[in-house]
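Following this note's numbering, the numbering of the sequence shown begins with 222 at its first residue and continues without gaps. Don't be surprised by glycine CBs; every beta carbon is placed ideally from N, CA and C. Predicted model only: the values in this text are computed from it and were never measured. The structure under discussion appears below in the form of structure tokens.
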Amino acid sequence: QLGLWGIDYFDLFLIHFPVALQDVAIKDKYPPEWWGLDGNVHPTNIPIRETWEGMEEICELGHAKNIGVSNFQGSILIDVLRYARIPPVVNQVELHPYLSQKKLVALCKELGVAVTAYSSLGPQGYYELGVDTGHPSLLKHDVVTSIAQASGKTPAQVILRWAVQQGIAVIPKSNSHERLVSNLEVTSFDLTPEQVQQIDGLNINLRLNDPQDIHPGLGVFA
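Encoded structure:
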């Protein structure tokens, strides 16, 4: 992978999901994503511990400066920390006002594992792809738009600030230069405790990224 990227090392290398799939040779398909060469998903029985020991080796060889995990729930994260020689520095998870994950965030902070939020704007990316999630866009939600108007900020900035103000890193994506710049301007203001509480109240435990939607055997959130 380093050769494909044209770099000497990764600053941060993550396990994407706590699932194991049958190996697909790079020469046959790269990246394989979820599917084998036959177009089907093939879960396999590889312990997380074995994978994490491989991650530690990557770090020790200098191929990655830091290693971490993604989409790990509390019990799996605690288990990794029991045997890890090099502990994960970050847990990257889906997190937005519709899925606030307060207990997981609190646990990560207690364990000294940083939290990075993906899909920070909730269903927005799905709407842009023409997928109806059955829930209104957070960018148009009355709670968010009213706070944005009162703060003189955009709805996206309000949502990102809600996460950042909790000590959570955010990694929003955009093809618009203007939006990229706007997304960076979330450190110059604070939401009031009342505004934070209002946004907290939007939580409905709506998970948009669940591998069990791809294959019933990948129930990491079951």
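Helix, strand or coil for residue i per DSSP?
| i | result |
| --- | --- |
| residue 245 | coil |
| residue 398 | helix |
| residue 433 | helix |
| residue 361 | helix |
| residue 421 | helix |
| residue 336 | strand |
| residue 390 | strand |
| residue 322 | coil |
| residue 406 | coil |
| residue 369 | helix |
| residue 305 | coil |
| residue 228 | coil |
| residue 311 | strand |
| residue 235 | strand |
| residue 374 | coil |
| residue 291 | strand |
Please confirm whether residue i and residue j have their CB atoms less than 8 Å apart.
| i | j | result |
| --- | --- | --- |
| residue 332 | residue 298 | yes |
| residue 279 | residue 318 | no |
| residue 376 | residue 385 | no |
| residue 277 | residue 307 | yes |
| residue 292 | residue 238 | yes |
| residue 257 | residue 243 | yes |
| residue 429 | residue 354 | yes |
| residue 284 | residue 223 | yes |
Leaving out five residues before and five after residue i in sequence, what residues of the same chain have Cβ atoms less than 7 Å from its Cβ?
| i | result |
| --- | --- |
| residue 363 | none |
Spatial neighbours of residue i within its chain, please: CB distance less than 6 Å, with the 5 preceding and 5 following residues excluded, ordered by chain position.
| i | result |
| --- | --- |
| residue 316 | 322 and 338 |
| residue 287 | 233 and 310 |
| residue 400 | none |
Since residue i and residue j should fall inside the 8 Å C-beta cutoff, what is the C-beta to C-beta distance between them, to a whole number of angstroms?
| i | j | result |
| --- | --- | --- |
| residue 390 | residue 443 | With 8 Å as the limit, residue 390 and residue 443 do not qualify as a contact, their Cβ atoms being about 27 Å apart. |
| residue 383 | residue 360 | 13 Å between Cβ atoms; not a contact. |
| residue 433 | residue 427 | About 15 Å separates the two Cβ atoms, so there is no contact after all. |
| residue 262 | residue 435 | 6 Å |
| residue 370 | residue 325 | Not quite, the Cβ-Cβ distance comes to about 31 Å (not below 8 Å), so this is no contact. |
Check the DSSP bridge columns for residue i and list the partner residues they point to.
| i | result |
| --- | --- |
| residue 262 | Answer by DSSP bridge pairing: none, since residue 262 is not bridged. |
| residue 285 | 231 |
| residue 356 | DSSP lists no partner for residue 356. |
Beta-carbon within less than 8 Å of residue i's beta-carbon, same chain only, minus the 5 sequence neighbours each way: which residues are those?
| i | result |
| --- | --- |
| residue 403 | 375, 377 and 378 |
| residue 420 | 318, 364, 365, 368, 379, 380, 383 and 412 |
| residue 272 | 236 and 241 |
| residue 341 | 316, 317, 380, 381, 384, 391, 392 and 393 |
| residue 330 | 336 and 388 |
Under 7 Å from any heavy atom of the ligand FMN, does the C-beta of residue i make it?
| i | result |
| --- | --- |
| residue 317 | Among the ligands in the structure shown, none appear at all, so the ligand FMN cannot be discussed. |
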